[in-house]
Amino acid sequence: MKKFLGVQDIGNLHDAVAEALEVKRNRFAYKHLGQDKTLLMIFFNNSLRTRLSTQKAAMNLGMNVMVLDVNQGAWKLETERGVVMDGDKSEHLLEAIPVMGSFCDLIGVRSFARYESKEDDYSEKILQQFIRYSGKPVFSMESATVHPLQAFADLITIEEHKRTQRPKVVLTWAPHPKALPQAVPNSFAQWMNATDYDFVITHPHGYELASEFAGNAPVEYNQDKALEGADFVYAKNWAAYSGDNYGKILCQDRSWTIDDRKMSLTNDGYFMHCLPVRRNMIVTDSVIESPNSLVIPEAANREISAEVVIKRFLEEMS
Amino acid sequence: MKKFLGVQDIGNLHDAVAEALEVKRNRFAYKHLGQDKTLLMIFFNNSLRTRLSTQKAAMNLGMNVMVLDVNQGAWKLETERGVVMDGDKSEHLLEAIPVMGSFCDLIGVRSFARYESKEDDYSEKILQQFIRYSGKPVFSMESATVHPLQAFADLITIEEHKRTQRPKVVLTWAPHPKALPQAVPNSFAQWMNATDYDFVITHPHGYELASEFAGNAPVEYNQDKALEGADFVYAKNWAAYSGDNYGKILCQDRSWTIDDRKMSLTNDGYFMHCLPVRRNMIVTDSVIESPNSLVIPEAANREISAEVVIKRFLEEMS
Amino acid sequence: MKKFLGVQDIGNLHDAVAEALEVKRNRFAYKHLGQDKTLLMIFFNNSLRTRLSTQKAAMNLGMNVMVLDVNQGAWKLETERGVVMDGDKSEHLLEAIPVMGSFCDLIGVRSFARYESKEDDYSEKILQQFIRYSGKPVFSMESATVHPLQAFADLITIEEHKRTQRPKVVLTWAPHPKALPQAVPNSFAQWMNATDYDFVITHPHGYELASEFAGNAPVEYNQDKALEGADFVYAKNWAAYSGDNYGKILCQDRSWTIDDRKMSLTNDGYFMHCLPVRRNMIVTDSVIESPNSLVIPEAANREISAEVVIKRFLEEMS
């Protein structure tokens, strides 16, 4: 594995989940793999779960960990080639990346969509430069278009809680005051499409996800109808992807908020969200605090998904 | 031990001090206890000594350590339940706390009094939520009303330096340009009251501490009189506690500053302060630099008090 | 070794380089040296390479590492004695330094020139206080006047790439939009003067370096002439040192930028720079991306120079 961005990088999903459950039972059993190996975690954006869970996973595996918050205590980075650097940016990514690669064995990168250029975002411009220039294996800790450690943790959580062989899983858009990236719904859709679940997407018109991620998943524009009989309700806000609306907020309709009535339409369904979540925008206090809420177990599984992915990188090094 | 907030959580004080002196002689003797255990240190406020000493103590014990500065690189946290989260706060404490608890075995929290609500502060609203919702043992790294690792380090320092069985220890208020919390004087008073020392508090009228901490310690409003024959002078500023004056500065009288004349009233007394200290407000250059100043040994003992407390948590886990 | 600031602290240079190459071949061979030892890295200023490479070096040696960004999450520090501290600074260096020293075995300090006072900068006022008051060995991670870990890494890099016994090495000033410290050129000149290389300095009039660092190295004011036959071109901007011009920008002449024509004057010379570098100010894209650019191997050797220096400190402790 040279990189971890999507479901295609993890191989057989049944094997991956089985490995995750094994790691979860004994998370310190592979400490020899990380000996004298260093993970560098690079944050261009804020993080709580990813910061802690990935660090914990690497320590479980016996690695040394260095955390770099690019915007705190380092230098502002130029990302465009050919520029005369006479402004506020002291260093170019083309130097910074191979330098960072020099001091570690594995790199995790968080770099959100900037919504300045759809092409830049959807080419994963920042992350791809790390893959190309760092000389080290690279994984996404949520980048412009994907959040694969989250989607893998979501899959593990569903496997742990499903009550039927082929559960109905609904990804539903929900309202939010700010324009958010599509990374989480993209990855969730991509991973769900790779399972044999009954997977449905629901959102207002105009919020269609990129086809490379949404695939052939049915889209139901009536949220109530989509939720009928759902075993898992995965709520998430995202800004528009399509055409000139890229990065725009088209709807703030609070009737899409997941509340008790919405959940009553489901098959005693579980509520899921990647967190951080805005209460009473995305979901009501009542639903997120209910026994059917999986938001905490789902977050806890971030340690496990990260450990499996890092373990696989380490196995290829040794 | 599920929590460490006050003197009541440490058990017999003689045993605790004896254990501290043993740990101080051989601080790496208990490294096996922390193997595969992770401390999460969470800072809502600035820290120098606590940050370094607690991290050092945990590493002495063989633990992994993760440090989270909530206001740098993480998400702004909502603390009120029932709010529609459409503002600048992306995550609720009710999610963030159990998530943080998922990735560690022990949690230290720094969360100062905000002086917005006496009730919130004196109910230790933030810290108590960590105790209630994290699922892990929690200790105060200075919270709204207490700073027990400091008070324990102070006790160790007094025990190391006392020249009589029952020294006279004076806690004295001193002037400061900003409103400071009562956490340090509260804990110092609480711990001193649990000893058999001759303990006296002196401050201007209106600066009475909460009775749950001040207990039956005599209050002498004449500083000079209080200092007579003191073996240890513990200086500290705090804002008013009583009634409507909560959080207010009532006095900036520089005659309360500890200077050479004040120290000459003592029994060749030692000078103590928890640091950080404002020179020539709380204490003169001359006194803090004198051979009788214990501010550095006292700070160094923060590593020891933290190590004893963390060691006890670890012993209960294994 | 009580301190590491300059070439005089490293002893015989041939031995130091030989030790570096040995460490580079097996960077984990000395892990026993750092057991139960803690490095404290203190940053008053930004850092990327130094932050990562020094941390990596210490971990290679088995040390625990604590990183403190003084301006993030700690207290603002007063540096002047005798001040009534009623402003925004909560703590004095005279307390902070021995406290920091209490919690570690070795201290690295980054503290740039402030250009407020030539005397303060050139007396290394901040760093010298750490040496004097911390009670622990101290090394510069770039201080007001020197950057010895960089110069040592540069020396290692030249030794790895030189094609003649006595290469011609040219330190050349280059333009930059901001006033930069002289630490890097000072240390580079000092270390080159300690070798038997043919070392030449070139810069516009008025940019003469302090004689304590420039020594007897010839200064050639015609850059083209200086570059003739160079084996290594070390580019760097710095602000003026001399007299009343201290800290000022006297020249922004872009004809000093290192481009392909400049490099064509050399003996197929290598390009070097300490990074971060402003592209198309200091050096063109074409030169820095050419096969003769050593900026990345040079940065990678920062891990090695740091490991040798820390290793020597540790050897004296055990």
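Sequence lines, in order, name chains A, B and C. In this text, residue positions in the first sequence follow numbering that gives the first Met the number 0: the first is 0, and each later residue adds one. In this text, residue positions in the second sequence follow numbering that gives the first Met the number 0: the first is 0, and each later residue adds one. In this text, residue positions in the third sequence follow numbering that gives the first Met the number 0: the first is 0, and each later residue adds one. Note that CB positions come from ideal geometry on N, CA and C, so glycine has one too. Remember, it's a predicted structure, so these values are computed and weren't measured experimentally.
Can you list, in chain order, the residues of its chain with a C-beta nearer than 6 Å to that of residue i? Leave out the 5 residues immediately preceding and following it.
i: ILE41 of chain B; result: LEU67 and VAL108
i: SER320 of chain B; result: This structure leaves residue 320 of chain B out entirely; chain B is present only between 0 and 317.
i: ASP104 of chain C; result: LYS36 and THR37
i: CYS273 of chain A; result: GLN149 and VAL183
i: MET262 of chain A; result: VAL286
i: GLU302 of chain B; result: SER52, LYS55 and ALA56
i: ALA305 of chain C; result: SER52, THR53, ALA56 and LEU148
i: ARG131 of chain A; result: none
Using the C-alpha atoms, what's the distance from residue j back to residue i?
i: PHE43 of chain A; j: SER52 of chain C; result: 20 Å
i: ILE257 of chain A; j: ALA173 of chain A; result: 7 Å
i: ALA19 of chain A; j: SER133 of chain B; result: 24 Å
i: GLU219 of chain B; j: SER186 of chain B; result: 19 Å
i: ALA150 of chain C; j: LEU154 of chain B; result: 47 Å
i: SER139 of chain A; j: LYS117 of chain C; result: 46 Å
i: LYS124 of chain B; j: GLU90 of chain B; result: 17 Å
i: ALA28 of chain A; j: LEU76 of chain C; result: 45 Å
i: ALA298 of chain A; j: VAL98 of chain B; result: 6 Å
i: ALA213 of chain C; j: GLN189 of chain C; result: 6 Å
i: PRO275 of chain B; j: ALA73 of chain B; result: 26 Å
i: ARG277 of chain B; j: PHE198 of chain C; result: 50 Å
i: ASP14 of chain A; j: VAL83 of chain B; result: 41 Å
i: TYR240 of chain B; j: GLN127 of chain C; result: 42 Å
i: ASN221 of chain B; j: ARG165 of chain B; result: 22 Å
i: TRP237 of chain A; j: GLU158 of chain A; result: 25 Å
i: GLY86 of chain A; j: ASN70 of chain A; result: 16 Å
i: ALA112 of chain C; j: PHE102 of chain A; result: 27 Å
i: CYS250 of chain B; j: VAL232 of chain B; result: 20 Å
Closer than 7 Å by C-beta to residue i: which residues in its own chain qualify, once you throw out the five before and the five after it? Chain order, please.
i: MET58 of chain A; result: VAL64
i: LEU313 of chain A; result: LEU32, GLY33, LYS36 and LEU60
i: VAL145 of chain A; result: LEU4, GLY5, SER139, ALA182, ASN185 and SER186
Since residue i meets chain B, which of its residues come closer than 7 Å, beta carbon to beta carbon?
i: HIS91 of chain C; result: ARG278
i: PHE27 of chain A; result: ASP35
i: VAL83 of chain C; result: ASN279 and MET280
i: PRO176 of chain A; result: ASP85
In the DSSP output, what is residue i paired with across the bridge?
i: LYS135 of chain A; result: BP columns for LYS135 of chain A are empty, so no partner.
i: ALA234 of chain B; result: B:THR171
i: GLU77 of chain A; result: A:HIS91
i: LEU105 of chain B; result: B:LEU38
i: LYS2 of chain A; result: A:VAL137
i: VAL218 of chain C; result: C:ILE200
i: ARG278 of chain B; result: B:VAL282
The beta strand (DSSP E) spanning residue i covers which residue range?
i: ARG113 of chain C; result: It is not in any beta strand (DSSP E) - ARG113 of chain C carries neither H nor E in the DSSP assignment.
i: ASN63 of chain C; result: 63–68
i: LEU38 of chain B; result: 37–42
i: ASP197 of chain C; result: 197–201
i: PHE270 of chain C; result: 269–271
Starting from residue i, find everything on chain C with Cβ-Cβ shorter than 8 Å and list it in chain order.
i: ARG80 of chain A; result: ASP284
Can you tell me where the alpha helix (DSSP H) with residue i in it begins and where it stops?
i: MET262 of chain B; result: 259–263
i: ALA95 of chain C; result: 92–101
i: ALA213 of chain C; result: 210–213
i: ILE303 of chain C; result: 294–316
i: ILE155 of chain C; result: 147–160
i: ASP284 of chain C; result: 284–287
i: SER186 of chain C; result: 182–192
i: VAL16 of chain B; result: 12–24
Please decide whether residue i counts as near chain D, where near means a Cβ-Cβ distance under 7 Å.
i: LYS247 of chain B; result: You won't find chain D in this structure, because its protein chains are A, B and C.
Give me the chain A residues within the contact set of residue i, using Cβ-Cβ distance strictly less than 7 Å, ordered along the chain.
i: PRO97 of chain B; result: ILE295
Residue i versus chain B: which residues are under 9 Å apart at the beta carbon?
i: THR163 of chain C; result: Neighbours of THR163 of chain C on chain B: none; closest Cβ ~48 Å, over 9 Å.
Excluding the 5 residues preceding and the 5 following residue i in the sequence, name in chain order all residues of the same chain whose CB lies nearer than 8 Å to its CB.
i: THR283 of chain A; result: THR256, ILE257, ASP258 and ASP259
i: ASP243 of chain A; result: none
i: VAL16 of chain C; result: LEU154, ILE155 and GLU158
Residue i touches chain B at which residues, Cβ-Cβ below 8 Å?
i: ALA299 of chain A; result: VAL98, SER101 and PHE102
Check the Cβ of residue i against every Cβ in chain C and list those closer than 9 Å, keeping chain order.
i: ALA238 of chain A; result: Correct list: empty, because the minimum Cβ distance to chain C is about 31 Å.
Check the Cβ of residue i against every Cβ in chain C and list those closer than 7 Å, keeping chain order.
i: GLN54 of chain B; result: MET65
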